[in-house]
Amino acid sequence: MFYPYEQTLLQAVGEALSGEAGRRFAAQVAAVNKIQRLNEGREVNLYQMRGGKPDFDASLAFPTGEEAKLASAVLAAPQGGRMRAEVWLVRGSLFSLEFSKAPANVLGAGWKEASPAVEEIKLWLDPLQAPQPASRAVLSGWLAQWQTAGRLTRSHAPLRPEDRLERLDWLDAALPVDYLALLDQTEGAQLGEWKVLGAGAIRTVELEDGVNYHLVAESAERGRSRCAPASATANCIYWTTKTIRPKRSAAPCNKPWSACCRRPEINGGFIGCCFMLSMQLLLLFNSQRLE
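Under my numbering, the first residue of the sequence shown is numbered -5, with each subsequent residue one higher.
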C-alpha cells in the first residue's frame, strides 16, 4: 500500500493534529484501499473504494469544504536531498499527496523503501472548523472597475498579510507582481470564465522539462490553466484538458495583459495567451533564472 516515505509524511501530519482531528485523520488513512501514483510518484491520489467505486466514509469527513490544503512539509533524505510535500483534502476526505520532485530523484535507487526525515511541517487549517462564509472584498482600481462592469463576479476578503506571506514563502517562487497586488485586495477572484486562485489554493504542476510551475488560475469551461514558474520564469504554458500534460508555447508571449483581447488568439503558436485579464499574473516570459 503506502511507501515508507508516504507513511512518514502522513504520520507527521497526524502527529501535528491533536485530539479528534488526529483520530479522524488516522481513520481516513486507515480507510484508504486504493492508491494511484502519477507523474513518477509526484502526485499520489488516495481512494476509499467499495463495490469497485470510490465511496468515502462521510462519517470521517472534515467540514473543510470542496478542496483544502491541510499541510505542507519538507522531507530530507539521508544523502542530503530534499523535497516539499503537500497533503490535500477533497470534500473533507484525505485525497492527495503532492511532492515537488520525483521521489526517486531525491531518495535514490531504493526510493520505494526509503524513510526520509521530516524537517519542517506546517498545518494550514484546523480541519474540524468549517470555513467561514467568504465576505466580499472591498476593491479598488481596475478590479473595482471590472466588478462594476460585471466582469468580476466573485471576490473574497484577503488573508491577513502575515498569513498570506507565510503561505507564499512555502512556494519557493517569484510570483508576478500584479498577482501579488491582486492578493492584497482579494483572496482569489472569478474573472469571466477564469477562476484566479488565492494564496491558499495555489497548486503545483510539472512540465516535461522537470521544472515546477504553480497554478494560479484555471478555466473550467476551456479546461485550460495558467501557471507561474517556481524559481524561474519561462514561456507561456497551458493545459488543453485535465488529462493532457502542460505544454509550452513556441515563442514568448510578452504582450501586456492590459492590451489583451477578450477572445483567445493565436500568438506564437500558443492559443489563448492573451485572455481577458488586465494583469500579467498569468503571463510567463522567456526562460531566465531569477537572482
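Just so it is clear, CB atoms sit at the ideal spot from N, CA and C, and this is done for glycine as well. Since the model is a prediction, treat every value here as computed from it, not as a measurement.
- Annotated as proximal: Ala167 and His208, with beta-carbon spacing under 9 Å.
- Under the three-pair Cβ rule at 8 Å, the stretch 144 to 164 does not count as touching the stretch 38 to 56.
- Counted as a single uninterrupted DSSP element, the alpha helix (DSSP H) harbouring Phe19 occupies residues Gly13 to Ala25.
- Shown here for Pro(-2): same chain residues with a beta carbon closer than 7 Å to its own, the five before and five after excluded, namely Glu107, Ala108 and Ser109 in chain order.
- Boundaries for Tyr(-3): no beta strand (DSSP E) harbours it, and the DSSP string shows neither H nor E there.
- For the options Arg36, Asp51 and Arg197, the alpha carbon positioned closest to that of Arg85 is the one of Asp51.
- The beta-carbon distance between Ala55 and Ser87, rounded to whole angstroms, is 5 Å. This is short enough to meet the 8 Å contact definition.
- For Gln141, the enclosing alpha helix (DSSP H) stretches over residues Gly135 to Thr142.
- Taking a contact as a CB-CB distance under 8 Å, the pair Leu64 and Leu117 counts as one, their CB atoms being some 7 Å apart.
- If you look at Gln179, you'll find it in the alpha helix (DSSP H) that goes Val171 to Gln179.
- Taking a cut-off of 8 Å on C-beta distances, the stretch 4 to 19 does not touch the stretch 28 to 37, as fewer than three cross pairs fall below it.
- Around the beta carbon of Gly102, a 10 Å sphere encloses fewer than 16 other beta carbons of the protein chains shown; the residue is thus reported as exposed.
- In the DSSP assignment, the residues bridged to Thr198 are His208.
- Nearest C-alpha to Gly75 among Ala96, Ala124 and Asp172: Ala96.
- Taken in chain order, the complete beta strand (DSSP E) segments of 3 or more residues contained in the stretch 44 to 122 are 61 to 70, 76 to 84, 87 to 93 and 111 to 117.
- Of the candidates Gly59, Gly8, Trp82 and Glu113, Glu113 places its Cα closest to the Cα of Pro72.
- Here DSSP, grouped into helix, strand and coil, assigns Ala10 to helix.
- Under a 10 Å Cβ-count criterion, Arg18 is classified as buried, with 16 or more other Cβ atoms of the shown protein chains found around its own Cβ.
- Distances from the alpha-carbon of Glu160 to those of Ala175, Ser129, Ser66 and Leu91 put Ser66 closest.
- In this model, Leu146 and Glu187 are separated by some 10 Å (Cα to Cα).
- Excluding the 5 residues flanking it on each side, Ala131 has same chain C-beta neighbours closer than 7 Å at Ser149, His150, Ala151, Pro152, Gln179 and Thr180, in chain order.
- For Leu185, the uninterrupted beta strand (DSSP E) segment begins and ends at Ala183 to Leu185.
- In the three-state reduction of the DSSP assignment, Gln5 falls in the helix class.
- DSSP places Arg158 within a helical segment (H, G or I) once states are collapsed to three.
- Counting only the Cα atoms, Leu3 lies some 11 Å from Phe(-4).
- With fewer than 16 other Cβ atoms inside 10 Å of its own Cβ, Glu9 counts as exposed.
- DSSP places Leu32 inside the beta strand (DSSP E), whose first and last residues are Lys28 to Leu32.
- Nearest Cα to Ala25 within the set Ser94, Phe89, Gln126 and Ile115: Phe89.
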